[in-house]
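Reading through the structure tokens given below for one structure.
Number of protein chains: 2
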Amino acid sequence: MNTRELTGRQKEVLRFIENFLLTRGFPPTLREIAEGIGLGIKNIASVQKHLKSLEKKGYIKRIPRKTRGIELTSLKLSNLNIIPIIGKVQAGLPIPAFEDVEGTIAVDSLFVRNADGTIALRVKGESMKNAGILPGDVVVVKLNEQINDNDIVVAFVDGEVTIKRIKRKEDTIDLVPENPEFDVITIKSNEERLYILGKVVAVFRRIG
Amino acid sequence: MNTRELTGRQKEVLRFIENFLLTRGFPPTLREIAEGIGLGIKNIASVQKHLKSLEKKGYIKRIPRKTRGIELTSLKLSNLNIIPIIGKVQAGLPIPAFEDVEGTIAVDSLFVRNADGTIALRVKGESMKNAGILPGDVVVVKLNEQINDNDIVVAFVDGEVTIKRIKRKEDTIDLVPENPEFDVITIKSNEERLYILGKVVAVFRRIG
DNA sequence: CTCCCTGGTATTCATTTGAACACCATTATA
DNA sequence: TATAATGGTGTTCAAATGAATACCAGGGAG
């Protein structure tokens, strides 16, 4: 048999573990698995064998002697980032304050590597429409990130929050919208009207 | 003290639990917490008190008498969906086949309610640019969903995969791009050139 | 036929674990 | 001043748990 193919019973065990973990928040014990797939409570040895098979075929990883020590290869929690969604950013000095935290959002590490210094905001306005950032979208913002030319940033201008593309000139900084209906905001370097909150690193949208 | 505010020690305990769960894949035992925050191994009673405080303030939920029975309010795994990323969709009858599964992606239930019959695809081409769907984006597709007029769909036309907005006319179906540089594809209802794979329900993009 | 893998049943055992007490110190609040 | 909340220490105990072992049966591969 192929090294990755599962027997019916093994599939059943794997599905049970996945489902248990997703609904309960932690992996099952051997006895919980036994019960879950309709085996007698005394019948842990069978479960042990199934788990050994699943591990050999690469679907799970077991941590020896640890209660509930089962990791799913398909669901690596270490690939997850929990990021707070901020409802309102309040102007303030020296740094703006985050208010109305709506909750948290789980983001795959495919989009965000590290949750440190990262927040999520809801997009208002159409100024970045042509960059594929629409009203209602959720943008993920890295706060303490190096800002490079042409980055899309979340900026405070005169106390207002806005998303724009940044372009540095000789003596000015341009905040460029990606929508011809909006104007470029030009700020002289010596003015104190601008505060760059962070860099937009991901965009999420739900449709329908 | 506010019902939600945490003391320094309580914060420390919560951070430890979060970090443990995310890196190890399952919550810690009381003794692991005790060790993790620098308490003696015998000192479980203190941890019990901290957990009780954290639960009272709504940050965690405990499942009595269960080893590692700690749920994080901020990280509800039940709010997570694990969706396969399909590298290539192969034309085939009666339904296309999914090949080159790149892996899985975790999606917050904020964007996808249910993982059943759901896949993720990478966008190629700019035909939906003005709908905020760009090349390289990941789109989430519901396979067995009711298709309504004006939905954005993944369609097979003459064996080619494409993302378009669907508009039903009297005797034809129009697949409308959201980019003036692309043409509308019109298909007569009696032709067998069209297969609707599913409906696009979410778009994800990484920037930079 | 023999060997290996799968799958189930039954039992034993050392550890681990959550829970419950008792006791103490500090600090903030009423 | 009294009271509650926080935070730490030490101990005991029943229950839960992973591991190991032995036994049995069927099927596929060589």
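Read top to bottom, the protein sequences are chains A and B.
Under UniProt numbering, read the first sequence as residues 1 to 208, first letter to last.
Under UniProt numbering, read the second sequence as residues 1 to 208, first letter to last.
Glycine is no exception: its CB is placed at the ideal position from the N, C-alpha and C atoms.
No experiment lies behind these values; they were computed from the predicted model shown.
Asked: Neighbour-count burial assignment, residue 71 of chain B, 16 or more Cβ in a 10 Å radius; Found: buried
Asked: Euclidean distance between Cα positions of residue 207 of chain A and residue 165 of chain B; Found: 12 angstroms
Asked: Continuous alpha helix (DSSP H) stretch holding residue 179 of chain A: start and end; Found: It is not in any alpha helix (DSSP H) - residue 179 of chain A carries neither H nor E in the DSSP assignment.
Asked: Pairwise C-alpha distance: residue 185 of chain A and residue 176 of chain A; Found: 7 angstroms
Asked: Cβ-Cβ distance between residue 141 of chain A and residue 197 of chain A below 8 angstroms; Found: yes
Asked: Cβ distance (whole Å) where residue 163 of chain B is taken to contact residue 200 of chain B below 8 angstroms; Found: 6 angstroms
Asked: Collapsed DSSP secondary structure at residue 98 of chain A in the structure displayed; Found: strand
Asked: Limits of the unbroken beta strand (DSSP E) element including residue 197 of chain B; Found: 194-206
Asked: Buried or exposed (CB count within 10 angstroms, at least 16 for buried), residue 23 of chain B; Found: exposed
Asked: Whole beta strand (DSSP E) elements within the region 39-103 of chain B, 3-residue minimum; Found: 60-62, 70-72 and 80-90
Asked: Nearest neighbour of residue 6 of chain B, chosen from B:135, B:58 and B:101 [CA to CA]; Found: B:58
Asked: Simplified DSSP assignment, three categories, for residue 1 of chain B; Found: With a pLDDT of 49 at residue 1 of chain B, under the threshold of 50, the predicted position of this residue should be treated as unreliable, and no value is reported.
Asked: Presumed contact (8 angstroms Cβ cut-off) between residue 123 of chain A and residue 136 of chain A, rounded CB distance; Found: 6 angstroms
Asked: Rounded straight-line distance, which links the Cα of residue 69 of chain B to that of residue 45 of chain B; Found: 16 angstroms
Asked: Where the UniProt domain "LexA repressor DNA-binding" (4-69) of chain A meets chain B: residues whose CB sits under 9 angstroms from a CB there; Found: 18, 21, 22, 23, 24, 25, 26, 27, 29, 61, 63, 66, 67, 68 and 69
Asked: Positions along the region 148-160 of chain A whose CB lies within less than 8 angstroms of some CB in chain B; Found: 151 and 152
Asked: Residues bridged to residue 118 of chain A (per DSSP); Found: A:142
Asked: 8 angstroms Cβ cutoff met for residue 119 of chain B and residue 64 of chain B; Found: no
Asked: Spatial distance of residue 49 of chain B from residue 102 of chain A (CA atoms); Found: 28 angstroms
Asked: Given residue 110 of chain A as reference, the closest of A:78, A:91, A:87 and A:126 once Cα atoms are compared; Found: A:78
Asked: Collapsed DSSP secondary structure at residue 253 of chain A in the structure displayed; Found: A question about residue 253 of chain A goes unanswered here, because the residues of chain A that appear run from 1 up to 208.
Asked: is_contact[residue 196 of chain B, chain A] using C-beta, thresh 8 angstroms; Found: no
Asked: Contacting residues, own chain, Cβ-Cβ under 8 angstroms from residue 55 of chain A (five flanking each side not counted); Found: 61 and 62
Asked: Interface residues of chain A facing residue 111 of chain B [CB-CB closer than 7 angstroms]; Found: 204 and 206
Asked: Residues near residue 145 of chain A by beta carbon distance below 7 angstroms, same chain, minus five either side; Found: 198 and 199
Asked: Buried versus exposed call for residue 19 of chain A [16 or more other C-beta atoms within 10 Å across all chains shown]; Found: exposed
Asked: Residue 16 of chain B and residue 40 of chain B closer than 8 angstroms at C-beta; Found: no
Asked: Chain A contact for residue 105 of chain B (CB, 8 angstroms cutoff); Found: yes
Asked: Proximal residues of chain A, C-beta to C-beta of residue 133 of chain B below 8 angstroms; Found: 132
Asked: Alpha carbon of residue 187 of chain A to alpha carbon of residue 104 of chain B, nearest angstrom; Found: 44 angstroms
Asked: Short CB-CB distance (under 8 angstroms) between residue 74 of chain B and chain A; Found: yes
Asked: Straight-line Cα distance separating residue 11 of chain B from residue 149 of chain A; Found: 38 angstroms
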